[in-house]
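Q: Each residue of the sequence shown is one higher than the last, beginning at 56 in this note's numbering. Just so you know, even glycine gets a beta-carbon here, dropped at the ideal spot from N, CA and C. In this text the structure is predicted, and so the values were computed from the model without any measurement.
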Amino acid sequence: MVIAIDGPAGAGKSTVARAVADALGFTYLDTGAMYRAVALARLLGRDGAEVGFDDGRVTLDGEDVGDRIRTEEVTEEASRVAAEREVREAMVARQRELMGEGDWVAEGRDIGSVVVPHAEVKVFLTADPRERAQRRAAELGVDPEEVLAQQRTRDERDSSREASPLLLADGAEELDTTGLTIDEVVERIVGLARR
Ligand code: DC
56 MVIAIDGPAG AGKSTVARAV ADALGFTYLD TGAMYRAVAL ARLLGRDGAE VGFDDGRVTL
116 DGEDVGDRIR TEEVTEEASR VAAEREVREA MVARQRELMG EGDWVAEGRD IGSVVVPHAE
176 VKVFLTADPR ERAQRRAAEL GVDPEEVLAQ QRTRDERDSS REASPLLLAD GAEELDTTGL
236 TIDEVVERIV GLARR
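(1) Determine the DSSP secondary structure at E228, reduced to helix, strand or coil.
(2) Report the CB separation of G67 from G163 in whole angstroms; it is logged as a contact under 8 Å.
(3) To the nearest angstrom, report how far apart A78 and G157 are at their CA atoms.
(4) Can you list, in chain order, the stretches of the alpha helix (DSSP H) that have 4 or more residues and sit fully within the region 62-145?
(5) V160: which of R250, E127, V75, A104 sits nearest, CA to CA?
(6) Report yes if the CB atom of A94 is closer than 9 Å to the CB atom of T114, and no otherwise.
(7) DSSP three-state call for L235: helix, strand or coil?
(8) Taking the DSSP output, what are the residues bridged to A161?
(9) Taking V176 as part of the beta strand (DSSP E), name the residues at either end of that continuous run.
(10) Touch check for the region 143-157 and the region 193-210: three-plus C-beta pairs under 8 Å?
(11) According to DSSP, is E201 part of a helix, a strand, or is it coil?
(12) Is R187 near ligand 1, judged by its Cβ being under 8 Å from some heavy atom?
(13) Could you check where the alpha helix (DSSP H) with A193 kicks off and where it finishes?
(14) In this structure, how does DSSP classify R216 when only helix, strand and coil are distinguished?
(15) What would DSSP say about V171, mapped onto helix, strand or coil?
(16) So, helix, strand or coil for G246, using DSSP?
(17) Helix, strand or coil: how does DSSP classify E156 here?
(18) Going straight from the alpha carbon of D116 to that of T70, what length do you get?
(19) Does the Cβ of G167 have 16 or more other Cβ atoms within 10 Å, making it buried, or fewer, making it exposed?
(20) When you compare each of D225, V176, R207, G111 to A64 by their alpha carbons, which one comes out closest?
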C-alpha cells in the first residue's frame with residue numbers, strides 16, 4: 056500500500072508522514088530530501104553525484120547528508136532544481152523504483168498526482184500560510200515575517216512551475232491542519248488507510 060501525502064512547505068507533512076508510517080509499520084519516504092540532496096550536490100559542484108535512499112537516510116554517493124540538506128541555502132536551491140524537468144524525471148523514476156514493493160508513506164508535492172497516481176490513500180495537507188511560517192520560524196528560531204516572505208516566493212515557484220506543479224491530485228482528500236494537533240491529523244490519515 057502507498058499513502059501519498061502532498062502539500063506546501065510547513066503544512067506538517069514530515070511530522071505527520073513519519074507518525075503515520077510508525078503507526079502502521081510502513082516505510083517513510085521523504086522525497087523533498089531527495090531534491091535537497093540534488094541541490095546540495097549542485098552547490099558542492101558535484102552535479103553527477105548519486106542520490107540514494109537507505110534505511111530512512113538520504114545519501115549522496117553513499118554519504119549520509121541528512122544534516123547538510125536542511126540549511127537555508129540548500130532549501131532555496133532545492134526549490135530551483137525541483138523545477139528542472141530532467142531532475143524531476145530522474146527523481147520520479149527513483150521513487151517509483153523504491154515504492155514498487157512494500158508499504159510506504161511518501162511525502163512530497165507530486166506523489167499523488169505524478170509519482171503514484173494509483174496510491175490507495177492520497178492526502179493533500181494544507182494550513183494557513185501564517186501558521187505555516189510560524190511553525191517553521193519556531194523550528195529554526197528565526198523571524199516569522201522573514202520566513203513568511205521567503206515561503207511566499209517558494210510556494211509561488213512550486214505551484215506555478217511547468218513540471219509537476221503543486222496541485223490537488225485527482226481523488227486526494229484535502230486536509231487543513233490549521234488549529235489541529237498532530238495526533239488529530241495522524242488519526243484521520245490512519246483511519247483512511249484502515250478503511
Ligand atoms: O518538502 P521540502 O521542503 O523538503 O522540499 C524541498 C523542495 O523540493 C521544495 O522546493 C519542493 C520540492 N519538492 C518537489 O518539487 N517535489 C517533491 N515531491 C518534493 C519536494
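A: From the atom records:
(1) strand
(2) 14 Å between Cβ atoms; not a contact.
(3) 16 Å
(4) 68-79, 86-98, 127-136
(5) V75
(6) no
(7) coil
(8) A59, L84
(9) 176-181
(10) no
(11) helix
(12) no
(13) 184-195
(14) coil
(15) coil
(16) helix
(17) coil
(18) 27 Å
(19) buried
(20) R207
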